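Asks:
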Amino acid sequence: NAGVTQTPKFQVLKTGQSMTLQCAQDMNHNSMYWYRQDPGMGLRLIYYSASEGTTDKGEVPNGYNVSRLNKREFSLRLESAAPSQTSVYFCASRDGTILSYGYTFGSGTRLTVV
Amino acid sequence: ILNVEQSPQSLHVQEGDSTNFTCSFPSSNFYALHWYRWETAKSPEALFVMTLNGDEKKKGRISATLNTKEGYSYLYIKGSQPEDSATYLCAFIRNNNDMRFGAGTRLTVKP
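Sequences listed follow chains W and F, in order.
Just so it is clear: in the first sequence, position 107 is 229 by my numbering, and no numbers are missing.
Just so it is clear: in the second sequence, position 21 is 160 by my numbering, and no numbers are missing.
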């Protein structure tokens, strides 16, 4: 199915553990994004990649790293997980200008850090 | 701090009612506004992309208006149906990659 695929869907980590959230899109979109969703708050941008080979910090980048592996894949890494990183993580992609096109979102990864 | 406020936080209506909710955003540095519909256990889906003051967009029973001078957008649903139950998100955009979401309005339509 065309769209944005995230893996895993659920994950429980212990404090201090590391993990990588994977995201892949098959729509040939240039731009990709990682957001986190916390109760009572809007989606907050962690990192984005405007095009293959580039990455930039968003609103809440601390504690995360990203890799734009190729045009399809954009991964998010937690080097040393903390309970404050318990959240639902969404990957999104977009092609063309934001003036014309909305984002396509993945189905989310629910992460719990204990 | 860039605040994007949505009101009300939640809304319960009866099937057939018409309803509307608000997205408020800074009136300076406006670039675009997006509306998304987010059903439970699914991912957000783009509804409207709005760019010009006075813009009106419509998709079926759902429409949206935009006032960039005063910093608000309204989303209207005419004759609500149970399948309209979802969280509606707005996102204020300052440049091509700086998109800030509101916390959403959660709509429940009772049959």
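The C-beta atom is built at its ideal place from N, Cα and C for all residues, glycine as well.
The structure displayed is predicted, hence computed values, not measured ones.
Any beta carbon of chain F sitting closer than 8 Å to that of residue 191 of chain W?
Replies: Position 69 of the first sequence holds residue 191 of chain W. For residue 191 of chain W, the answer is no, since every Cβ of chain F falls outside 8 Å of its Cβ.
Asks: Between which two residues does the beta strand (DSSP E) harbouring residue 151 of chain W extend?
Replies: Residue mapping note: residue 151 of chain W aligns to position 29 of the first sequence, counting from 1. That residue, residue 151 of chain W, is in no beta strand (DSSP E); it is neither H nor E in DSSP.
Asks: Could you tell me whether the Cβ of residue 175 of chain F comes closer than 8 Å to any Cβ of chain W?
Replies: Taking the first residue of the second sequence as 1, we reach residue 175 of chain F at position 36. It does; some Cβ of chain W falls within 8 Å.
Asks: Assuming the contact rule is C-beta atoms closer than 8 Å, residue 239 of chain F and residue 141 of chain F should be a hit. Round their C-beta distance to whole Å, please.
Replies: If you number the second sequence from 1, residue 239 of chain F lands on position 100. If you number the second sequence from 1, residue 141 of chain F lands on position 2. Under the criterion of beta carbons closer than 8 Å, residue 239 of chain F and residue 141 of chain F qualify as touching, at roughly 5 Å.
Asks: Examine chain W for any beta-carbon lying closer than 8 Å to the beta-carbon of residue 232 of chain F, and answer yes or no.
Replies: Within the second sequence, numbered from 1, the residue matching residue 232 of chain F stands at position 93. Against chain W, the CB of residue 232 of chain F has a partner CB under 8 Å away; the residue lies at that interface.
Asks: Just list the residues that DSSP pairs residue 220 of chain W with in beta bridges.
Replies: Sequence index remark: in the first sequence, residue 220 of chain W carries index 98 (1-based). Residue 220 of chain W pairs with nothing; no bridge assigned.
Asks: Check each candidate in F/168, F/220, F/186 and F/242 and name the one with the smallest Cα separation from residue 208 of chain F.
Replies: For the purposes of this step, residue 208 of chain F is identified with residue 69 of the second sequence, where counting begins at 1. It is F/168 whose Cα lies nearest to the Cα of residue 208 of chain F.
Asks: Which word fits residue 221 of chain W, buried or exposed, when buried means at least 16 other C-beta atoms lie within 10 angstroms of its C-beta?
Replies: The residue given as residue 221 of chain W occupies position 99 in the first sequence. Exposed, because fewer than 16 other Cβ atoms sit within 10 Å of the Cβ of residue 221 of chain W.
Asks: Between residue 224 of chain F and residue 151 of chain F, what straight-line distance do the alpha-carbon atoms span, to the nearest angstrom?
Replies: For the purposes of this step, residue 224 of chain F is identified with residue 85 of the second sequence, where counting begins at 1. For the purposes of this step, residue 151 of chain F is identified with residue 12 of the second sequence, where counting begins at 1. Straight-line Cα distance between these residues: approximately 9 Å.
Asks: Using a C-beta to C-beta distance shorter than 9 Å, which residues of chain F count as neighbours of residue 153 of chain W?
Replies: Stepping through the first sequence from its first residue, residue 153 of chain W is reached at position 31. Within chain F, the residues near residue 153 of chain W are 235 and 236.
Asks: Between residue 182 of chain F and chain W, is any beta-carbon pair separated by less than 8 Å?
Replies: Here residue 182 of chain F refers to the residue found at position 43 when the second sequence is read from its first residue. For residue 182 of chain F, the answer is yes, since a Cβ of chain W falls inside 8 Å of its Cβ.
Asks: For residue 167 of chain W, which residues in the same chain have their Cβ closer than 8 Å to its Cβ, ignoring the five residues on either side in sequence?
Replies: The residue given as residue 167 of chain W occupies position 45 in the first sequence. The residues are 155, 156, 157, 180, 181 and 182.
Asks: Run through the segment 150-189 of chain F for me and flag every whole beta strand (DSSP E) of 3 or more residues, listed as ranges in chain order.
Replies: 158-163, 171-177 and 184-189
Asks: Report the rounded CA-to-CA distance for residue 214 of chain F versus residue 226 of chain F, giving the unit in angstroms.
Replies: Counting from 1 along the second sequence, the entry for residue 214 of chain F is found at position 75. Counting from 1 along the second sequence, the entry for residue 226 of chain F is found at position 87. Rounded to the nearest angstrom, the two C-alpha atoms are 12 Å apart.
Asks: Determine the DSSP secondary structure at residue 223 of chain F, reduced to helix, strand or coil.
Replies: For this step, residue 223 of chain F is matched to residue 84 along the second sequence. In the structure shown, residue 223 of chain F sits in a helix (DSSP, three-state: H, G or I).
Asks: Helix, strand or coil: how does DSSP classify residue 212 of chain F here?
Replies: For the purposes of this step, residue 212 of chain F is identified with residue 73 of the second sequence, where counting begins at 1. The answer is strand: DSSP assigns residue 212 of chain F an E or B state.
Asks: Suppose contacts are defined by Cβ-Cβ distances below 8 Å. Is residue 231 of chain W in contact with residue 128 of chain W by that definition?
Replies: Translated into the one-based positions of the first sequence, residue 231 of chain W becomes position 109. Translated into the one-based positions of the first sequence, residue 128 of chain W becomes position 6. Yes, Cβ-Cβ distance for residue 231 of chain W and residue 128 of chain W is below 8 Å.
Asks: Closest to residue 195 of chain F by C-alpha separation, out of F/181, F/185, F/183 and F/212, would be which residue?
Replies: Here the question's residue 195 of chain F lines up with position 56 in the second sequence. Out of F/181, F/185, F/183 and F/212, F/212 has the C-alpha closest to the C-alpha of residue 195 of chain F.
Asks: Along the chain, where does the beta strand (DSSP E) that runs through residue 141 of chain F open and close?
Replies: By one-based count along the second sequence, residue 141 of chain F stands at place 2. Element bounds for residue 141 of chain F: n/a, residue is neither H nor E.
Asks: How would you write the range of the beta strand (DSSP E) that residue 197 of chain W sits in, first residue to last?
Replies: On the first sequence, residue 197 of chain W is found 75 positions in, with the first residue counted as 1. From DSSP, the beta strand (DSSP E) with residue 197 of chain W extends over 196-200.
Asks: Under 8 Å, do residue 170 of chain W and residue 186 of chain W count as touching if we go by C-beta distance?
Replies: Position 48 of the first sequence, counting from 1, holds the residue named residue 170 of chain W. Position 64 of the first sequence, counting from 1, holds the residue named residue 186 of chain W. No. Outside cutoff.
Asks: Please confirm whether residue 171 of chain F has its beta-carbon closer than 8 Å to some beta-carbon of chain W.
Replies: Within the second sequence, the letter at position 32 stands for residue 171 of chain F. It does; some Cβ of chain W falls within 8 Å.
Asks: Using 8 Å as the limit for Cβ to Cβ distance, is residue 240 of chain F near chain W?
Replies: One-based indexing of the second sequence puts residue 240 of chain F at position 101. Residue 240 of chain F counts as touching chain W.
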